[in-house]
Amino acid sequence: MQPLILRRAGFITQAAKYSRYYSTRFGYSHSRSLVFSNFGQPEKVLKLHSYSIAPPYDDIINVRFIASPINPADINQIEGVYPEKPEFTLGLGTGDKSAVPGNEGLVEIVSCGSKVNPSIRPGQWAIMSGPNFGTWRTYAQAKESNLIMIPNKEGISPVQAATVSVNPSTAYRMLKDFVGLGAGDYFVQNAANSGVGRSAIQIGRIWGLKSINIVRDRPDIDKLKEELRALGGTEVITESEAKDRRYIARITGGQPVKLALNCVGGESATNLARILGQSGHLVTYGAMAKSPFSVPASALIFKNICCHGFWISAWSKENEAAKSQMITQIFDWIRDGEFRDTPYEVTRWSEDTELDTLIEPVKKGISEYSGRKGIFVMEED
Ligand SMILES: NC(=O)c1ccc[n+]([C@@H]2O[C@H](COP(=O)([O-])OP(=O)(O)OC[C@H]3O[C@@H](n4cnc5c(N)ncnc54)[C@H](OP(=O)(O)O)[C@@H]3O)[C@@H](O)[C@H]2O)c1
28 MQPLILRRAG
38 FITQAAKYSR
48 YYSTRFGYSH
58 SRSLVFSNFG
68 QPEKVLKLHS
78 YSIAPPYDDI
88 INVRFIASPI
98 NPADINQIEG
108 VYPEKPEFTL
118 GLGTGDKSAV
128 PGNEGLVEIV
138 SCGSKVNPSI
148 RPGQWAIMSG
158 PNFGTWRTYA
168 QAKESNLIMI
178 PNKEGISPVQ
188 AATVSVNPST
198 AYRMLKDFVG
208 LGAGDYFVQN
218 AANSGVGRSA
228 IQIGRIWGLK
238 SINIVRDRPD
248 IDKLKEELRA
258 LGGTEVITES
268 EAKDRRYIAR
278 ITGGQPVKLA
288 LNCVGGESAT
298 NLARILGQSG
308 HLVTYGAMAK
318 SPFSVPASAL
328 IFKNICCHGF
338 WISAWSKENE
348 AAKSQMITQI
358 FDWIRDGEFR
368 DTPYEVTRWS
378 EDTELDTLIE
388 PVKKGISEYS
398 GRKGIFVMEE
408 D
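All the letters of the sequence shown, read from the start, carry residue numbers 28 to 408 under the numbering used here.
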């Protein structure tokens, strides 16, 4: 009966197949969402909120979240220390104006309004085209401009699709856009065990680049070194080993290091500037140590080091077509077994998952040496 009602109202396509998503006979679906009304520590400000989503009309697309990662930027955004601020709205039916956290995620199209491009169909996968959509929830309404459609999901896991647009994409751009690197050229990076770092190692290997990968010392350092070498890192060294210039010269055989990727700041970043060769480029994309860094005057004057910053959010806004192409390329590498996942830990999100369970991985996301990226995987109801 339900599909008939929906068809008569003209709200959705393929209603019979996807009617399982609708919790009421009038076509409304039920979303559970993390929300926050004030900036602050996630465990203090995050709440769980349920609300109804109307059937889509005109250019509206109803989507179901499949997986949403917990990235450092998401946590910084909740804390209020990230430059992109989400929109706080009463539209979700909360008492105070609220925003939904989470910037990256994978959705399945559930149903489309009558004016939506007919190539977008229920069952297809899409990822968010830009930041601030609010991905830590189970259902939402989107427009085509919010989504990058995934034309071929064959051979791609939900987690791989949900995590492609920030970390692998950032690594890809930084290796490609700042200096011409050819096969056999060296780059160096700190926090090489991060999501971005592991992506840079693998993309570098695919493009024939050599990498010096710096990580912080820890009790199981040999295991981590082995893991990153297995991804294709040419050499993996600790922060203290990286301070020994002769050791670095032995690794490179005196070849200049052309590019440095800085995730950390502080002393670690200063050391990257020292490692770079003549006219090398230092690209900063993270500030995990929360500490500014200095670049020795000699590196600027005599070595002509060039310093840049990179932000995937800003790049994505200007480069929509190139972003889709890049993601298609990364998916091809995943299908070919060339590109492996960053270690992750799933938190299952079902109809009765409680707030404490959802907050736990968010708290872990800001702790050091956590080793695994948290990811919400939403269970279909
Ligand atoms: N600019 C952009 O477009 C862009 C894009 C993606 C990510 N990012 C930024 O890049 C950074 C990494 O993101 P991710 O998702 O790859 O992170 P991730 O997988 O969670 O890894 C975090 C990394 O930071 C290191 N770290 C944590 N605290 C540290 C500290 N106090 N000092 C030094 N290193 C520390 C960790 O090393 P340990 O294992 O030693 O703790 C780990 O290597 C974040 O700041 C994120 O916001 C920026």
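Glycine included, each C-beta is placed from N, C-alpha and C at the ideal position.
For A189 and S95, believed in contact at Cβ under 8 Å, the rounded distance: Taking the sequence shown and counting its residues from 1, one reaches residue 95 at position 68. Taking the sequence shown and counting its residues from 1, one reaches residue 189 at position 162. Indeed they touch by this definition, with Cβ atoms about 6 Å apart.
Per-residue burial, L251 [other beta carbons within 10 Å of its own, 16 or more giving buried]: Reading the sequence shown from its first residue, position 224 is the one you call residue 251. L251 comes out buried.
heavy atom of ligand 1 below 8 Å from W338 C-beta: Within the sequence shown, residue 338 is the residue found at index 311, counting from 1. Checking the Cβ of W338 against ligand 1 gives yes.
Residues near G313 by beta carbon distance below 8 Å, same chain, minus five either side: The residue given as residue 313 occupies position 286 in the sequence shown. Its chain contains P99, A218, S221, V223, N289, C290, V291, G292 as the residues whose beta carbon lies nearer than 8 Å to that of G313, once the 5 sequence neighbours on both sides are disregarded; these appear in chain order.
Sub-9 Å separation of K350 and I175 beta-carbons: Counting from one through the sequence shown, the residue named residue 350 turns up at place 323. Counting from one through the sequence shown, the residue named residue 175 turns up at place 148. Cβ atoms of K350 and I175: closer than 9 Å.
Q305 burial status per 10 Å Cβ neighbour count (16 or more: buried): Mapped onto the sequence shown, residue 305 falls at position 278. The residue in question, Q305, is exposed, as its Cβ has fewer than 16 Cβ neighbours within 10 Å.
DSSP-derived helix/strand/coil call for T297: By 1-based counting over the sequence shown, the position of residue 297 is 270. It is helical.
Distance cut-off 8 Å: Y396 Cβ against heavy atoms of ligand 1: For this step, residue 396 is matched to residue 369 along the sequence shown. Within the cutoff, so yes.
Whole-number beta carbon distance between S238 and G260, since they are thought to touch under 8 Å: Counting from one through the sequence shown, the residue named residue 260 turns up at place 233. Counting from one through the sequence shown, the residue named residue 238 turns up at place 211. Indeed, because the Cβ distance is near 5 Å, the residues count as touching under 8 Å.
Extent of the continuous beta strand (DSSP E) to which A169 belongs: On the sequence shown, residue 169 is found 142 positions in, with the first residue counted as 1. Here the beta strand (DSSP E) through A169 covers 166-169.
According to DSSP, residues forming a beta bridge with Y78: Counting from one through the sequence shown, the residue named residue 78 turns up at place 51. The partner list for Y78 (beta bridge, DSSP) reads S58.
Distance cut-off 8 Å: V242 Cβ against heavy atoms of ligand 1: Here residue 242 corresponds to residue number 215 of the sequence shown, with the count starting at 1. Yes, the Cβ of V242 comes within 8 Å of a heavy atom of ligand 1.
Whole-angstrom distance between G401 and Y199, CA atom to CA atom: The residue given as residue 199 occupies position 172 in the sequence shown. The residue given as residue 401 occupies position 374 in the sequence shown. If you take the alpha carbons of Y199 and G401, they lie about 22 Å apart.
Neighbourhood of G336 by C-beta, 6 Å cutoff - its chain only, sequence neighbours within 5 removed: Taking the first residue of the sequence shown as position 1, residue 336 is located at position 309. So the list reads T311, once near-sequence residues are dropped.
Cβ-based burial, A227 [other Cβ within 10 Å; buried from 16]: Within the sequence shown, residue 227 is the residue found at index 200, counting from 1. Burial call: buried.
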